Amino acid sequence: MLCSAGSRRVRPGCLRHRLTSRLDKPVAAVDYSHFMSVLFFKRFLQRPFQIASIVPSSKALVERVASKIDFSRPSVIAEYGPGEGVHSREIARRMSRDSHLLLFELDRAFSSDLERQFAGDRRVHVIHGDAARLPQELERRRMANCDYILSGIPFSILKIDKKRALLQKTYDALAPGGSFIIYQVTNELKQHATLFEYAESEYFLQNIPPMFITVFQKTPTLNGRRREVEWSRAPANRQA
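Numbering that gives the first Met the number 0 numbers the first residue of the sequence shown as 0 and each following residue consecutively.
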């Protein structure tokens with residue numbers, strides 16, 4: 000039903016009534032936290048194969064990944080490829096005053112931005128360099144192990160030797176019972192991370208693009224000996 004143009008009274012059911020009633024309703028809140036900044040977009044265009052995604056992680060993904068970490072006790076946490084720091088900020092917000100967060104970022108623009116963000120937080124250490132430096136950085140800071148290692152770097156683009164070397168260093172750097180938490184577009188790393196005795200994956204849709212979140216757990220080693228895997232004959236992970 001249409002209302003007459005000159006009528007001031009809006010009759011229920013007419014077109015003007017339906018339109019105005021919709022405009023009066025509150026608009027649902029939109030989560031813009033995953034929208035890219037100018038810096039993120041610029042770095043993605045310059046290094047598309049180094050930046051894992053065209054947009055930063057959504058708030059929902061950040062919270063889901065953080066839920067895999069026990070923040071009730073002091074921990075040493077490392078993050079590979081933090082980018083703009085969307086996960087880093089959430090971890091720093093939740094972790095205790097006696098915890099430490101080591102951020103490994105290859106991109107100079109991102110690492111400089113991270114240094115600016117965390118300039119006043121003594122718990123956060125920004126390292127402009129390869130994640131393979133983790134053992135040396137732990138030793139330099141007199142930290143024995145990591146309780147958690149988080150990674151969003153695109154492992155699928157790494158050469159197989161570099162991938163295996165980084166996985167070995169990651170495994171060695173974790174404390175017994177520690178967790179390696181990854182979020183990736185594909186789940187291909189699971190077939191390579193055979194050092195870890197336990198792995199649990201979920202496909203998380205509330206992100207652009209959807210991500211596999213996988214938690215690899217390190218169990219205590221036998222007789223304190225370093226565990227290495229002969230890659231060609233490594234057993235498959237069992238999934239929970």
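Heads up, the beta-carbon is just placed ideally off N, CA and C, and yes, glycines get one too. Just so it is clear, the structure is predicted and the values come from calculations on it, not from any experiment.
Contact annotation: the region 92-99 does not touch the region 154-168, with fewer than three C-beta pairs closer than 8 Å. With contacts defined by Cβ atoms closer than 9 Å, Ile159 and Thr213 do not form a contacting pair. Annotation: the continuous beta strand (DSSP E) that includes Ile126 extends over 123-127. The beta carbon of Gly82 is closer than 6 Å to those of Phe109 in its chain, skipping five residues each way along the sequence. Lys168 and Glu136 have their C-alpha atoms some 12 Å from each other.
Exclusion of the five residues before and after Leu149 leaves Glu78, Ile180 as the residues of its chain whose Cβ lies within less than 6 Å of its Cβ.
One Cα belongs to Leu157, the other to Ala172, and the distance between them is close to 20 Å.
In summary, Thr185 is exposed, with fewer than 16 beta-carbon neighbours lying within 10 Å of its beta-carbon over all protein chains present. Arg141 and Thr218 have their alpha carbons spaced roughly 23 Å apart. Only residues of its own chain outside the window of five on either side were considered, and among them Met94, Ser98, Asp146, Tyr147 have a CB closer than 7 Å to the CB of Ser74, listed in chain order. Glu104 carries a strand assignment under DSSP once its states are collapsed to helix, strand and coil. Take Asp120, set aside five residues on each side of it, and the residues of its chain with a beta-carbon closer than 7 Å to its own are Ala91, in chain order.
Distance from the CA of His127 to the CA of Val64, rounded to the nearest whole angstrom, comes to 23 Å. In this structure Asp69 is exposed. Its beta-carbon is surrounded by fewer than 16 other beta-carbon atoms within 10 angstroms. Between the C-alpha atoms of Ile207 and Ser87 there is a straight-line separation of about 19 Å. Rounded to whole angstroms, Leu60 and Leu194 show a C-alpha spacing of 26 Å.
Under DSSP, Gln216 shares a beta bridge with Ser178, Tyr197. Classified as exposed, Asp129 has fewer than 16 neighbouring CB atoms from the shown chains inside 10 Å of its CB. Gln135 is bridged by DSSP to nothing; it lacks a bridge partner. For the options Ser57, Phe103, Ala118, Glu199, the alpha carbon positioned closest to that of Pro134 is the one of Phe103. Contact annotation: Gln190 and Pro153 have beta-carbon atoms that are not nearer than 9 Å.
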